[in-house]
Structure formats: structure tokens, C-alpha cells
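Per UniProt numbering, residue 8 is the first one in the sequence shown, and the count goes up by one each step. We put the CB at the ideal spot given by N, CA and C, even for glycine. One structure is given here, and the rest of the page talks about it.
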Amino acid sequence: NELYAQGQTGHQPQYPMTFAELEERASAAMPPKVWGYVAGGAGDEHTQRANCEAFRRWGLYPRMLVAPATRDMSIELFGMTLPAPVFMAPIGVIGVCAQDGHGDLACARASVRTGVPFFAGTLSADPMEDVAAALGGTPAFFQLYTPSDRDLAASLVHRAEAAGFRGIAVTLDTWVTGWRPRDLRGSNYPQVPSGCLSNYTSDPVFRRGLRPGEDATEAAVRELPIFGGPFRWDDLDWLRSQTRLPLMLKGICHPDDVRRAKDHGADAIYCSNHGGRQANGGLPTLECLPDVIEAADGLPVLFDSGVRSGADVIKALAMGATAVGVGRPYAYGLALGGVEGVVHVLRSMLAEAELIMAVDGYPALKDLTPEALRLVG
Ligand code: FNR
Numbered sequence: 008n009e010l011y012a013q014g015q016t017g018h019q020p021q022y023p024m025t026f027a028e029l030e031e032r033a034s035a036a037m038p039p040k041v042w043g044y045v046a047g048g049a050g051d052e053h054t055q056r057a058n059c060e061a062f063r064r065w066g067l068y069p070r071m072l073v074a075p076a077t078r079d080m081s082i083e084l085f086g087m088t089l090p091a092p093v094f095m096a097p098i099g100v101i102g103v104c105a106q107d108g109h110g111d112l113a114c115a116r117a118s119v120r121t122g123v124p125f126f127a128g129t130l131s132a133d134p135m136e137d138v139a140a141a142l143g144g145t146p147a148f149f150q151l152y153t154p155s156d157r158d159l160a161a162s163l164v165h166r167a168e169a170a171g172f173r174g175i176a177v178t179l180d181t182w183v184t185g186w187r188p189r190d191l192r193g194s195n196y197p198q199v200p201s202g203c204l205s206n207y208t209s210d211p212v213f214r215r216g217l218r219p220g221e222d223a224t225e226a227a228v229r230e231l232p233i234f235g236g237p238f239r240w241d242d243l244d245w246l247r248s249q250t251r252l253p254l255m256l257k258g259i260c261h262p263d264d265v266r267r268a269k270d271h272g273a274d275a276i277y278c279s280n281h282g283g284r285q286a287n288g289g290l291p292t293l294e295c296l297p298d299v300i301e302a303a304d305g306l307p308v309l310f311d312s313g314v315r316s317g318a319d320v321i322k323a324l325a326m327g328a329t330a331v332g333v334g335r336p337y338a339y340g341l342a343l344g345g346v347e348g349v350v351h352v353l354r355s356m357l358a359e360a361e362l363i364m365a366v367d368g369y370p371a372l373k374d375l376t377p378e379a380l381r382l383v384g
């Protein structure tokens, strides 16, 4: 409504109003290497595209004569009420998308402005305590790449707890980097992460291992496999024993893994294929969602990969997702307009989602059920 009202006065929106335009303008604004890293995916990027295309196979039934005057977009998660069912998925190198390199802080500020929770990454340009300070109490989560050194892993988790993060998403699909031709071609990848190691270089356990006078970043680049190492079910049991924070398992797409995750004490499933960045040839994440939700049997299910609009958000919610994550779109917003750009992307997506609920006659998220959807192709 705000934007339509501005249009009446001849005001031109500063930021793109569609994802296609957002992508186009971001690709022109970002340095080519950074663009390749953020926009790219695994292999020929078939799975990455399929993530988006999967949404087009579903349509929402409109329901008339119920015109809900207000729409309730809030959700309950881990005993908290969150204002909207959308979150910023963790993007480890988000710092490189910001003009000043402090993308993690910018996203924290956008989260404060919108109430959209931020998943702060292990691979961050700023230590998690600084991100938490920028959040100023707005609920947020910490994404963990689990270092093989358990003392260091425990330290990261305990710091996240002390900093006030409300849960930990353990990323399971990225203990090695996927086959990403855009990065391999440009020898891009090795240069990206050195600015994203602040959670390691600021860590007391990590610093204890430094030799006198040794540069912490150089040591982190040399000694730490960036994403940790192989992570298995017994590692998960160990991690579970380290924290009382809710644990979300990111990267789970198979219903058997969901059931096993429940047995191992997971508090939520985070169904994702990393936006198609890790393994090409995989199923679009949306295709996996119904079986994951059935197997989760009431456990919260977070979802991301391929969400590009408010309509996509609504479809994932109707399938039964508890909350829906956005990845690349907010990174592009950050590259175009800093905090304002991220706020614009998130608010536009929420506004579109809410308008769909209004037009199509769904007063509350609980009314969005699988019966609201029909497969169209
Ligand atoms: C990611 N993603 C990611 N996930 C994670 O758990 N830890 C991380 O450090 C990163 N880093 C990262 C960098 C970049 C540049 C991108 C684009 C993505 C994956 C992210 O959390 C999410 O799963 C996907 O981005 C969702 O897909 P879409 O929305 O980008 O299609």
C-alpha cells in the first residue's frame, strides 16, 4: 500500500520490484568474481534452476467471499512468536556483498528493521558477538560449520549461546565444497573466505594455539578446513550434548534422515539443498518438502532453496513449512543498497505474500494447507 501510494505522487521506486530486475542490477553492480561466487552453483547449475522452477508446478486455489480484513503472518518457533514466516538464510561470505565489507552487520540491522530473523554464519566478516550487538535482542540464529577440533567447535557453540542466539543450525551438506565451475574457472574461491574467518580468529580456543607473533587470519586459512570436516551421526550426538539451544539440521531432504534426526534429538529440520550450490543433479528442494514434513510429524520444518517471491513463500508454507528462508535475493539487495536494499527485498517479499493471502482469501497461516495447492504441471 505504501508503494502504491508513493506511485500516486509520481515517486519512482529506487529498488527493483521483481527478482529478474534485482538479479540483473546486482550482476551489473557486483565485482565479477563476487557475482560469480554468489550467483553460481554446482555443475551446470541445473539443480539451482530446478529449485526455482519447482515452484511453478504448483498453484494456489483462490477462495472468495471471505476477504480477510487482516492477515496474521506471525509464527511460533521454539516457544517464540516471530512476526513473519520468513528468515534470512545463512550466507557465510555475505561480507563481500557489502560496500564496506560488513555485510553481516548490515543484515543484522535489516533484521532489526523488519523483524525477519537472521541466521548469522560461522564464516563471518565480524565476530558473532558484534553481530549480536547489532541485533540488539532481535531473535536470530547461529549457523555452525563444525570444526573438526571439538574444543573449537564447543567454543563456537558456547559463544553463540552466550551472545544470545536463539538456536543453532548445523549445516550438514557442506563439509567439502561442491563442484562450482564459476569459482574454479576464475580461481575465485580461495580468495573469498579469508575475510570471513573472524569467528575463528576471535576465538579464545583458536588463539591459544597461535605461535607468538603469528597472524591469526593466516593461521586460520592454513590450519582450518573452512567448513570443518566430515560430520556424522555420532558427531551430532556430541554436539547435542554441548548445548541446550534448539538444534536445526540444515541440508536434510530425505524422510529417513528426518526420522533419524528426530531420534538424535534435533529440534527442527532445515530442508535445503544449499540453493543448488553443493551438488548438481539433486532433487529440487520443494519436491522433497512434502515427504520431509510428513516424516517430521509435527517437528518444525524450515525450508529454503529457490524462493524468489512472496508467491513462493506462500506455496512452501501451504505445503507445511514452518518458516521459509531467502538466500541470494537478500544478498543482491545488500549489494545494491546496503541495509536499505535488504530491507526492501524482505519487505517486498512479505508484502506480496500478505497480499496473496488477502486476495486469495486465507486469513491466517493455519488456513494455508496442502489442500490450498494444486499441481499444474
Ligand atoms: C550460502 N549458503 C550457506 N549456507 C550455510 O549453511 N552456510 C553458509 O556459509 C552459506 N553460504 C552461502 C553463500 C552464498 C553466496 C550463498 C548464495 C548461499 C546457502 C544458504 O543458506 C541457502 O541454503 C541458499 O542460499 C538458499 O537458496 P537460494 O535462496 O539462494 O536459492
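Less than 6 Å separating the Cβ of residue i from some heavy atom of ligand 1?
i, result
"Gly313", "yes"
"Ile98", "yes"
"Leu343", "no"
"Arg335", "yes"
"Ser279", "yes"
"Thr54", "no"
"Gly128", "yes"
"Gly282", "yes"
"Val320", "no"
"Gln285", "no"
"Thr178", "yes"
"Val183", "no"
"Val45", "yes"
"Gln150", "yes"
Leaving aside the five residues before and after residue i along the sequence, list all residues of the same chain whose C-beta is less than 7 Å from its C-beta, in chain order.
i, result
"Thr121", "Val350, Leu353 and Arg354"
"Gly303", "The identity of residue 303 in the sequence shown is Ala, whereas the question assumes Gly. Closer than 7 Å at the Cβ level, and outside the excluded window around Ala303, lie Val265 and Ile276."
"Gly334", "Ala96, Ile98, Gly282 and Asp311"
"Pro307", "Leu84, Ala275 and Thr329"
"Ser316", "Phe26, Met356 and Glu359"
Taking the straight line between their C-alpha atoms, what separation do you get for residue i and residue j?
i, j, result
"Glu31", "Asp158", "44 Å"
"Gly384", "Ala170", "47 Å"
"residue 385", "Ala115", "Nothing in the structure corresponds to residue 385, since the chain is present only between 8 and 384."
"Val103", "His109", "8 Å"
"Gly313", "Thr250", "31 Å"
"Ala113", "Gly289", "32 Å"
"Pro69", "Gly128", "38 Å"
"Ser209", "Leu142", "19 Å"
"Ala76", "Ala360", "15 Å"
"Ala46", "Ala36", "13 Å"
"Asp79", "Val228", "46 Å"
"Val346", "Leu29", "15 Å"
"Phe148", "Ala338", "18 Å"
"Pro124", "Pro146", "6 Å"
"Gly48", "Gly185", "8 Å"
Which same chain residues end up closer than 6 Å to residue i when comparing Cβ atoms and leaving out the 5 residues on each side of it in sequence?
i, result
"Leu243", "His271"
So, under 8 Å CB-CB, residue i and residue j are touching, yes? Tell me the CB distance rounded to an integer number of Å.
i, j, result
"Cys278", "Leu246", "Not confirmed; about 19 Å, so no contact."
"Leu254", "Ala273", "6 Å"
"Asp111", "Val93", "Not really, about 19 Å apart at Cβ, beyond 8 Å."
Skipping 5 residues on each side, what residues in its chain have a beta carbon closer than 8 Å to that of residue i?
i, result
"Glu301", "Pro262"
"Trp240", "Arg267 and His271"
"Phe238", "Thr153, Val177, Leu179 and Trp182"
"Asn58", "Asn280, Gly282, Gly283, Pro291, Thr292, Leu293, Ser312 and Gly313"
How would you label residue i, buried or exposed, when you count the other beta carbons within 10 angstroms and need 16 or more for buried?
i, result
"Gly305", "exposed"
"Asp107", "exposed"
"Ala371", "exposed"
"Ser248", "exposed"
"Ser201", "exposed"
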